[in-house]
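**Student:** For what it's worth, the numbering used here labels the leading residue of the sequence shown as 12, then goes sequentially.
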Amino acid sequence: FGLEIWAGGQRDSMRRKAGLAGLLAQKKAREKMQSLANKIEEDNIEHMTTQLKIFREKLAQFAAKHKDRINQNPQFRHQFQQLCAKTGVDPLASRQGFWSQFLGLGGFYYELAIQVIQLCLALREENGGLISLKELHKNLTLRRGHHQQPASIEDVEQAIKCVQSLGSGFCMVKIGNEMMVVSVPCELNTDHSKLIQHAKESKGYITLSSARKTLGWNKHRLEQTLDMLIQESMVWVDDQAKDGERQYWFACLLNAT
Numbered sequence: 012f013g014l015e016i017w018a019g020g021q022r023d024s025m026r027r028k029a030g031l032a033g034l035l036a037q038k039k040a041r042e043k044m045q046s047l048a049n050k051i052e053e054d055n056i057e058h059m060t061t062q063l064k065i066f067r068e069k070l071a072q073f074a075a076k077h078k079d080r081i082n083q084n085p086q087f088r089h090q091f092q093q094l095c096a097k098t099g100v101d102p103l104a105s106r107q108g109f110w111s112q113f114l115g116l117g118g119f120y121y122e123l124a125i126q127v128i129q130l131c132l133a134l135r136e137e138n139g140g141l142i143s144l145k146e147l148h149k150n151l152t153l154r155r156g157h158h159q160q161p162a163s164i165e166d167v168e169q170a171i172k173c174v175q176s177l178g179s180g181f182c183m184v185k186i187g188n189e190m191m192v193v194s195v196p197c198e199l200n201t202d203h204s205k206l207i208q209h210a211k212e213s214k215g216y217i218t219l220s221s222a223r224k225t226l227g228w229n230k231h232r233l234e235q236t237l238d239m240l241i242q243e244s245m246v247w248v249d250d251q252a253k254d255g256e257r258q259y260w261f262a263c264l265l266n267a268t
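1. Could you work out which residue in Ser194, Asp202, Leu240 is closest to Ile171 when comparing CA atoms only?
2. In or out: Ile186 buried (at least 16 other Cβ within 10 Å) or exposed?
3. By Cβ distance below 7 Å, which residues in the same chain neighbour Cys173 in space, the five residues on each side in sequence not counted?
4. In three-state DSSP terms, what is Lys172?
5. Determine the closest residue to Cys197 out of Leu219, Glu137, Ile241, Asp254, with distance taken between C-alpha atoms.
6. Going along the chain, which residues of its own chain have a beta-carbon closer than 8 Å to the beta-carbon of Leu134, five neighbours each way excluded?
7. Can Gly140 and Met245 be called in contact, C-beta distance under 8 Å?
8. Report back the beta-carbon spacing between Met191 and Leu144 to the nearest angstrom; my notes put them in contact at under 8 Å.
9. In or out: Gln86 buried (at least 16 other Cβ within 10 Å) or exposed?
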């Protein structure tokens, strides 16, 4: 009986050693696999870095060859910027940077940014600091005339991004399917956007009754949302409607009605 106990203990000990050896072998295998994976990842990163460097050199050669076309053709310029973005090159990273000096794009966009600021300020009394990107581009094109380098709507977007980086209160928001430019230091939330979209679909104005019916909001929510827009002069109040119900006109939509 004692011999059987000893034999059973030996078998248990051997099983434990075999189990431990198996765990150690699995650990070594995992470490080997991890080391191999790290090596493959390092090789891939090195290869990608080399390829990216070559591509950027080719991009510089392409820019040199098509410099005039990039500067003069808005559509071609936009396509070139998209190509730059895919390779991590920012032609506007600095006005004194290589790309800005090489292509002259920095000066073009900073000049355009100044014109955007001036135009938005000039129109602020009319629209309360909210204007569609399309309308801004239209006004900017008229102001620049035929004597200055043509600017596409994508160029205007890029110029606004330059202004936005200065923390000046300029930003772009999407309302419905249209981009709007905000040139006052306020933040439009989802409720503001929905209300503007409703006004856009209602000939530029809303009433409390129409908004409550369409949006399903209560009176408090509507008035709270309108308060900021009225305060910023983005919305004008009209108490002279024939039916006697107060109308709220959205200044940025007046030219579109």
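A virtual CB, placed ideally from N, CA and C, is assigned to each residue, including glycine.
**Tutor:** Judging by the given coordinates:
1. The residue with the shortest Cα to Cα distance from Ile171 is Ser194.
2. Under the 10 Å beta carbon count, Ile186 is surrounded by 16 or more other beta carbons and is classified as buried.
3. Excluding sequence positions up to five before and after Cys173, its CB lies within less than 7 Å of the CB of Leu103, Tyr120, Tyr121, Ala124, all in the same chain and listed in chain order.
4. When secondary structure is reduced to three states using DSSP, Lys172 falls in the helix class.
5. The shortest C-alpha to C-alpha distance from Cys197 to any of Leu219, Glu137, Ile241, Asp254 is the one to Ile241.
6. Closer than 8 Å at Cβ, skipping near neighbours: Ile142, Asn150.
7. Result yes, Cβ atoms of Gly140 and Met245 sit closer than 8 Å.
8. That belief holds up - the Cβ atoms of Met191 and Leu144 are roughly 7 Å apart, short of 8 Å.
9. Exposed: under 16 other Cβ atoms inside 10 Å.
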